[in-house]
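In our numbering, the protein residues as written are 28 to 298.
All residues carry an ideal CB built from backbone N, CA and C; glycine is no exception.
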């Protein structure tokens, strides 16, 4: 995994950087940049972005992109998705870290303690996940930015929480409680083998706009749920106690504060 850029470290670890950051995380800035990246003039950024991130365009559907954001939300030609009942899959391409949730419905990332009640803005829902698992999937700008449902089930609750747009690299979420400050959307799903789960999408610095599709109450494992517009972004999955066994190698790497690279549809645990 690449180290944080000098600019990101400047923003989060210096006093002048924090002053600039207060401006950059405002939704108004996000809207302005979004307008620019949705314009036809932004197409010129695509070749540079492809070269910088080593993106293989043969993996994606052929298309004449009308803007940079049109390219950023491109579709992959084919994706292998594990639909085996009892398997938990990754909702996206990205970098995964798992954290145990304690009996008080909190989890800790370095010295930052996160309370699920604040994350969800729902005390009763937070109690469901006491002593369960919090799975954090971090997407970088070069990742595929479409995502899917991690299991089959019935949609029981949907909520959108307005907020800021912090960076979601570790340098940010180990310095500030960004997950409870950033804009986010989540769905509670009732699954036969997972019980109640929460699948949450979190926006990120500068744009990170979340685009979730309308859906029927029943959702399917591997069904496309939506996509992020430009920006690194995050997906969080909350799991109840004793419902799933996360792969050992993922747990071991997380205990060492290391991320595991995963692909959309890949098995990451089982009942």
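Would you call the CB atoms of residue i and residue j closer than 8 Å?
{"i": "residue 82", "j": "residue 169", "result": "yes"}
{"i": "residue 126", "j": "residue 134", "result": "yes"}
{"i": "residue 281", "j": "residue 167", "result": "no"}
{"i": "residue 99", "j": "residue 257", "result": "yes"}
{"i": "residue 254", "j": "residue 214", "result": "no"}
{"i": "residue 251", "j": "residue 173", "result": "yes"}
{"i": "residue 181", "j": "residue 216", "result": "yes"}
{"i": "residue 110", "j": "residue 296", "result": "no"}
{"i": "residue 131", "j": "residue 96", "result": "no"}
{"i": "residue 90", "j": "residue 78", "result": "no"}
{"i": "residue 220", "j": "residue 298", "result": "yes"}
Assuming residue i and residue j are in contact, meaning their beta carbons sit under 8 Å apart, how far apart are those beta carbons, in whole angstroms?
{"i": "residue 128", "j": "residue 164", "result": "Not confirmed; about 16 Å, so no contact."}
{"i": "residue 267", "j": "residue 222", "result": "5 Å"}
{"i": "residue 119", "j": "residue 265", "result": "Contact doesn't hold; Cβ gap of about 16 Å is too wide."}
{"i": "residue 107", "j": "residue 88", "result": "At roughly 16 Å, the Cβ-Cβ gap does not stay under 8 Å, so residue 107 and residue 88 are not in contact."}
{"i": "residue 210", "j": "residue 188", "result": "7 Å"}
{"i": "residue 61", "j": "residue 270", "result": "The pair is not a contact, with the Cβ atoms about 38 Å apart (cut-off 8 Å)."}
Using 10 angstroms around the beta-carbon of residue i, count the other beta-carbons present and answer buried if the total reaches 16, otherwise exposed.
{"i": "residue 285", "result": "exposed"}
{"i": "residue 71", "result": "exposed"}
{"i": "residue 228", "result": "buried"}
{"i": "residue 261", "result": "buried"}
{"i": "residue 147", "result": "buried"}
{"i": "residue 283", "result": "exposed"}
{"i": "residue 291", "result": "buried"}
(message) Threshold first: 3 residues or longer. Then list the beta strand (DSSP E) segments lying entirely within the segment 209-284, N to C.
(response) Counting only unbroken stretches of 3 or more residues, the beta strand (DSSP E) elements lying wholly within the segment 209-284 are 211-218, 222-229, 237-239, 251-255, 260-266, in sequence order.
(request) Determine, using beta-carbon pairs with one atom in the segment 170-184 and one in the segment 104-124, whether at least three such pairs fall under 8 Å. (result) Yes, the segment 170-184 touches the segment 104-124.
(request) May I ask you to verify whether the segment 239-249 touches the segment 139-146, counting CB pairs closer than 8 Å and requiring at least 3? (result) In the pairwise beta carbon analysis, the segment 239-249 is classified as not touching the segment 139-146: fewer than three pairs are separated by under 8 Å.
(request) Would you list, in sequence order, the uninterrupted beta strand (DSSP E) runs of no fewer than 3 residues that lie entirely inside the segment 89-131? (result) Qualifying beta strand (DSSP E) stretches, in chain order: 114-116, 121-127.
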